[in-house]
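Student: Numbering (my numbering), first residue to last: 1 to 303.
(1) Helix, strand or coil for residue 30, going by three-state DSSP, please let me know.
(2) When we look at the beta-carbon of residue 119 and count the other beta-carbons within 10 Å, is it buried (16 or more) or exposed?
(3) By how many angstroms is the C-alpha of residue 59 removed from the C-alpha of residue 142?
(4) Indicate the three-state DSSP secondary structure (helix, strand or coil) for residue 285 in the structure shown.
(5) Thinking C-beta only, is residue 80 closer than 7 Å to residue 179?
(6) Would you mind stating whether residue 198 and residue 98 have Cβ atoms separated by less than 7 Å?
(7) Check each candidate in 188, 153, 74 and 71 and name the one with the smallest Cα separation from residue 218.
(8) Are residue 215 and residue 139 close, meaning C-beta to C-beta below 7 Å?
(9) Would you say residue 158 and residue 49 are within 7 Å of each other, going by their C-beta atoms?
(10) In whole angstroms, give me the CA-to-CA distance for residue 200 and residue 187.
(11) Mark residue 112 as exposed unless 16 or more other C-beta atoms lie within 10 angstroms of its C-beta, in which case mark it buried.
(12) Pairing CB atoms from the segment 35-51 with CB atoms from the segment 182-196, are three or more of them under 8 Å?
(13) What is the rounded straight-line gap between the Cα of residue 41 and the Cα of residue 102?
(14) Any idea if residue 17 is buried or exposed, counting beta-carbon neighbours within 10 angstroms, 16 or more meaning buried?
(15) Quick check: the Cα distance between residue 205 and residue 70, rounded to an integer number of angstroms?
(16) Quick one: using the 10 Å Cβ neighbour count with 16 as the cut-off for buried, is residue 262 buried or exposed?
(17) Below 8 Å on the Cβ atoms is my contact criterion, and I expect residue 160 with residue 148 to pass it. Report the Cβ-Cβ distance as a whole number of Å.
(18) In three-state terms, what does DSSP make of residue 110?
(19) Would you list, in sequence order, the uninterrupted alpha helix (DSSP H) runs of no fewer than 4 residues that lie entirely inside the segment 239-273?
(20) Less than 7 Å between the beta carbons of residue 21 and residue 251, yes or no?
(21) Which runs of the beta strand (DSSP E), 3 residues or longer, sit entirely within the segment 75-130?
(22) When DSSP labels each residue in this structure, what does residue 144 get in the three-state scheme?
(23) DSSP beta-bridge partners for residue 23?
(24) For residue 186, which of helix, strand or coil comes out of DSSP?
(25) Could you tell me how far apart the beta carbons of residue 136 and residue 73 are, in whole angstroms, since I believe they sit closer than 8 Å?
(26) Less than 7 Å between the beta carbons of residue 123 and residue 110, yes or no?
(27) Drop a sphere of 10 angstroms on the beta-carbon of residue 36, count the other beta-carbons inside from all chains shown, and report buried for 16 or more, exposed for fewer.
(28) With DSSP as the reference, label residue 73 as helix, strand or coil.
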């Protein structure tokens, strides 16, 4: 389709990616799983994290002041429309939250019956918009229930807040696995949400010290990390603009075709060799057996 618009000489997408000077990736070095990678890959996770405001909006300030033990933030991001959430799941969350009266819950949602919910569940506060970074930065924020979007994960890391990960789609399951691997929180399958399971997950998250300790430790690492994402973007973009041809940094494997890259030619040759050897061995075994059997038959006839 692109070639039909820009001409047949327009390069393939794979070629464009392979010949790109650099790749800026929204990922944090010490949070993501370690892997071999190209020097062209520059992690700039945290670049888009806004500075928290010093003052909360008035209504949320009251929510924090009234919370005896702290506040739990709940958001499934801007894509998921909570209005279409199954009533059974919605009630499971609300009933579980009601079992923590010493905590206040701020839930980013767009339900139509807000007044009914807030009257029945006085420790649940529904908002259709919020300054997530500022709320996470509050000292009384104890946990973050999240869909594990990368931006939400990054913001919680910067704030040092433990997470209850409930991934919905895409890369969110991978991000939830990172949360578990780094022991920054707990995981709950969206398909298995019930009142008791939400309660158990929150009970574990809020009363297991290692999650908060690990989150605070990662926050300090992030604050003192030698590489500043904004500076990384600036210097690498300037470098790529001055030296656009950085093909010498390409991984050798990127130039190989699929068969060579996965050693399918070698594996195929070995498979054929082994198959021929086995076929020959079977054929020889059958011949030997036939010879021995025929010899016995002749001997018996002679006798």
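By construction, the Cβ of each residue, glycine as well, lies at the ideal position given by its N, Cα and C atoms.
Tutor: So, to answer that:
(1) DSSP places residue 30 in coil when its eight states are reduced to three.
(2) exposed
(3) 19 Å
(4) helix
(5) no
(6) no
(7) 153
(8) Not a contact, by the Cβ cut-off of 7 Å.
(9) yes
(10) 11 Å
(11) By the neighbour-count rule (16 or more Cβ atoms within 10 Å), residue 112 is not buried but exposed.
(12) no
(13) 46 Å
(14) exposed
(15) 13 Å
(16) exposed
(17) Going by Cβ atoms, the distance from residue 160 to residue 148 rounds to 17 Å, so no, they are not a contact pair.
(18) coil
(19) 258-261
(20) no
(21) Here the runs fully enclosed are 103-108 and 124-127.
(22) DSSP, read as helix, strand or coil, puts residue 144 in strand.
(23) 41, per the DSSP bridge assignment.
(24) strand
(25) 7 Å
(26) no
(27) exposed
(28) Strand at residue 73.
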